[in-house]
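Trainee: In terms of my numbering, the sequence shown opens at residue 54 and continues consecutively. Note that the Cβ used here is the ideal one computed from N, Cα and C, for glycine as well.
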Amino acid sequence: MTRWIALLRGVNVNGITIRSADLAATVRALGHADVRTVLASGNVVFTAAGDASVVKRGVEQALRERFDYDAWVVLLRHDDLAGIVAGFPFPSGPDRHDYVLFASEDAALDDLLADLTLDDAVERVARGAGVVYWSCPKGSSTDTTFAKRAGAARFRRTTTTRNANTLRKLL
54 MTRWIALLRG
64 VNVNGITIRS
74 ADLAATVRAL
84 GHADVRTVLA
94 SGNVVFTAAG
104 DASVVKRGVE
114 QALRERFDYD
124 AWVVLLRHDD
134 LAGIVAGFPF
144 PSGPDRHDYV
154 LFASEDAALD
164 DLLADLTLDD
174 AVERVARGAG
184 VVYWSCPKGS
194 STDTTFAKRA
204 GAARFRRTTT
214 TRNANTLRKL
224 L
């Protein structure tokens, strides 16, 4: 049995509403154990047998059937998330927001970072294993250069972003 974290993309925004209790019930109905949701932004922690691709496909299919939307998740091992959080490379501060962008395909991260020119005085970005670390000033998480690139339609199916504080709650 493996402890997993599923990060859902695009829930509780743009008219796709999934209550945490319904999300947990859907994951439990797959036979997964120790299910808990964190916040109302599509974060679920659970224990399941099977390899990542089988577990991921099962969760996505169950979400499609139950909530009638084109669901996809980034699935990672709980232990891997601990390493990702511990590896955040930038100093935190009260005037900054720290994020981790997850991708279901490394090619999406390559595309996201290709030819990207940033002002380090405003935001910082660094590649990690299967993620991109990002730090920006509070209040600017939708209008920086990286924010605009990451929000582009071509990344919607392959990436999802979480605040570092949310990630700590998943641990």
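1) When the Cα of Asp173 is compared with those of Ser188, Asp123, Leu129, which residue comes out closest?
2) In chain order, what residues of the same chain lie with their CB nearer than 8 Å to the CB of Tyr152, ignoring the 5 residues before and after it?
3) Which class does Ile71 belong to by DSSP, given the choice of helix, strand or coil?
4) For Leu166, report the span of its alpha helix (DSSP H) as first-last.
5) Just to confirm, are Leu165 and Ala203 a CB contact at a threshold of 8 Å?
6) Under 8 Å, with one C-beta from each stretch per pair, do the segment 137-156 and the segment 79-90 reach the 3-pair mark?
7) Anyone know if the C-beta pair for Leu76 and Val97 falls short of 8 Å?
8) Reducing DSSP to helix, strand and coil, say where Ala135 ends up.
Mentor: With the structure as the only source:
1) Ser188
2) Tyr186, Trp187, Ser188, Cys189, Ser194, Thr214, Arg215, Asn216, Ala217
3) coil
4) 159-166
5) yes
6) no
7) yes
8) helix
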